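>
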Amino acid sequence: MSFRREKFVPRGGPDGGDGGDGGDVVAVADPQLTTLLDLRYQRLYRAGRGVHGKGKDQHGKRGEGKIIPVPVGTTIRDAESGELLADLSEPGQRVVIARGGKGGRGNARFVSSTNRSPRKVQPGLPGEERVLDVELRLLADVGIIGMPNAGKSTLISVISAARPKIADYPFTTLVPNLGVVSYGEGKTFVVADIPGLIEGAHRGEGLGYKFLKHVSRTSVLIHLLDAARVQEEDPLADWRAINRELELFDPALAAKPQIVVANKIDLPEARETAALLKEKFAAMSVPFHAISAATHEGLRELTFSIARKLEETKDKRDDDRAAAGI
1 MSFRREKFVP
11 RGGPDGGDGG
21 DGGDVVAVAD
31 PQLTTLLDLR
41 YQRLYRAGRG
51 VHGKGKDQHG
61 KRGEGKIIPV
71 PVGTTIRDAE
81 SGELLADLSE
91 PGQRVVIARG
101 GKGGRGNARF
111 VSSTNRSPRK
121 VQPGLPGEER
131 VLDVELRLLA
141 DVGIIGMPNA
151 GKSTLISVIS
161 AARPKIADYP
171 FTTLVPNLGV
181 VSYGEGKTFV
191 VADIPGLIEG
201 AHRGEGLGYK
211 FLKHVSRTSV
221 LIHLLDAARV
231 QEEDPLADWR
241 AINRELELFD
251 PALAAKPQIV
261 VANKIDLPEA
271 RETAALLKEK
281 FAAMSVPFHA
291 ISAATHEGLR
301 ELTFSIARKL
311 EETKDKRDDD
321 RAAAGI
């Protein structure tokens, strides 16, 4: 609240300016970042506060915004309500996750024909305060799933330049691995190797549950089976077990297009069971390939089959968007 006080202006009137708005807290998808490590060490982010209004009709300056860079693929949820605030899946995408407060109004705003010298002001409103859950999900076109020791790490290492840890014991993959696969002139797709799943993974058993969220962004799933351990009395047991875990974790995940791949056909017994699996999946119209990641047999055909499936999926998605008017 302020009034003009000048020597030759006997009735100066009110001249109280408005307060500035508070700054916003904004999350921005930065393609240069790959982890959320910075958020682990800095937990509190606060934008600048607005400057107070002053006399002589001087309005306060808006508070400086706070920019939080996060990796592409980050999802942000309200910790209390669970509401999804942002899914930053594109580089440069930005979202306001906490809005600044509204600046108050000075007494110059309340002048009227009946009240020429108001002694009234309007206080500002506080900005938003939020506790957020921030999660990073990998962006990959293809996800490789399967039981431990099915050969997922070996497969991604031979079709791409990724070099995951490979060893002859379960759960050698402790983090998802990403690899870029080239299949034509200038054409590529990104594949993710997900740690092995076991029964009960949707409840947190084994390591797979922690990483199943990464598969949710993929367009196609490669369901890798170890043909050497397939049981003749129930050859589809492992396949059904993994699909059941996907269904229990997220029904939309289980509905994604799958290509079933029988690995290790360089072993005589595995080649025989692969032929049995081929008959079973042909009867269900499920795409099937038999390969050997060790000797590279069948990899070229598999790579082009994945590429075709990705193109079909993209075309269907574009048709659905066109039909919905998006």
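Going by my numbering, the first residue of the sequence shown is number 1, and it counts up by one from there. In this text, a Cβ means the ideal position worked out from N, Cα and C, and glycines have one as well. Keep in mind it's a predicted model, so treat the numbers as computed, not measured.
CA-CA distance, Ser2 and Pro14?
Taking the sequence shown and counting its residues from 1, the one referred to as residue 2 is at position 2. Taking the sequence shown and counting its residues from 1, the one referred to as residue 14 is at position 14. Distance between the alpha carbons of Ser2 and Pro14 is about 6 Å.
> Give the single residue among Ala283, His52, Pro123, Arg271 whose Cα lies nearest to the Cα of Gly298.
What you label residue 298 is simply residue 298 of the sequence shown in a count that begins at 1. The shortest C-alpha separation from Gly298 is found at Arg271.
> On a Cα-Cα basis, can you pick out the residue from Asp238, Trp239, Pro257 that is closest to Val215?
On the sequence shown, residue 215 is found 215 positions in, with the first residue counted as 1. Considering only alpha carbons, the answer is Pro257.
> Throw me the rounded Cβ distance for the Ser50 and Asp87 pair, which I believe falls under 8 Å.
Along the sequence shown, read from residue 1 onward, the residue named residue 50 stands at position 50. Along the sequence shown, read from residue 1 onward, the residue named residue 87 stands at position 87. Correcting the residue type first, residue 50 is Gly in the shown sequence and not Ser. Contact flag wrong, Cβ pair sits at about 30 Å.
> Relative to the alpha-carbon of Arg217, which residue among Val191, Gln93, Asp234 has its alpha-carbon at the smallest distance?
Translated into the one-based positions of the sequence shown, residue 217 becomes position 217. Ranking Val191, Gln93, Asp234 by Cα distance to Arg217 puts Val191 first.
> In terms of residue numbering, what span does the beta strand (DSSP E) encompassing Thr188 cover?
As a working note, residue 188 is residue 188 in the sequence shown. 187-193 is the span of the beta strand (DSSP E), which, as asked, contains Thr188.
> Over the uninterrupted beta strand (DSSP E) stretch that includes Leu85, give me the two end residues.
Reading the sequence shown from its first residue, position 85 is the one you call residue 85. From DSSP, the beta strand (DSSP E) with Leu85 extends over 84-88.
> What did DSSP end up calling Arg105 once you bin it into helix, strand or coil?
Here residue 105 refers to the residue found at position 105 when the sequence shown is read from its first residue. Reduced to three states, the DSSP call for Arg105 is strand.
> Out of Lys309, Gly151, Phe288, state which residue places its alpha-carbon closest to the alpha-carbon of Lys264.
Against the sequence shown, residue 264 aligns to sequence position 264. If we check each option's Cα against that of Lys264, Gly151 comes out closest.
> For a minimum of 4 consecutive residues, which ranges assigned as the alpha helix (DSSP H) are wholly contained in the region 216-243?
Runs found: none.
> Roughly how many whole angstroms lie between the Cα atoms of Ala254 and Ser182?
Taking the sequence shown and counting its residues from 1, one reaches residue 254 at position 254. Taking the sequence shown and counting its residues from 1, one reaches residue 182 at position 182. Taking the straight line from one Cα to the other gives about 27 Å.
> Would you grab the beta carbon distance between Ala290 and Ala274 for me? Rounded to a whole angstrom, and I think it's under 8 Å.
As a first step, residue 290 must be located in the sequence shown, where it is residue number 290. As a first step, residue 274 must be located in the sequence shown, where it is residue number 274. Indeed they touch by this definition, with Cβ atoms about 4 Å apart.
> For Ser160, does the three-state DSSP call read helix, strand or coil?
In the sequence shown, residue 160 corresponds to position 160, counting from 1. Note: Ser160 maps to coil in three-state DSSP.
> Under DSSP, the alpha helix (DSSP H) around Thr273 begins and ends at which residues?
Translated into the one-based positions of the sequence shown, residue 273 becomes position 273. First-last of the alpha helix (DSSP H) with Thr273: 268-283.
> Based on Cα-Cα distance, which residue from Glu232, Pro251, Pro91, Glu247 lies nearest to Glu279?
Here the question's residue 279 lines up with position 279 in the sequence shown. Closest option to Glu279, Cα to Cα, is Glu232.
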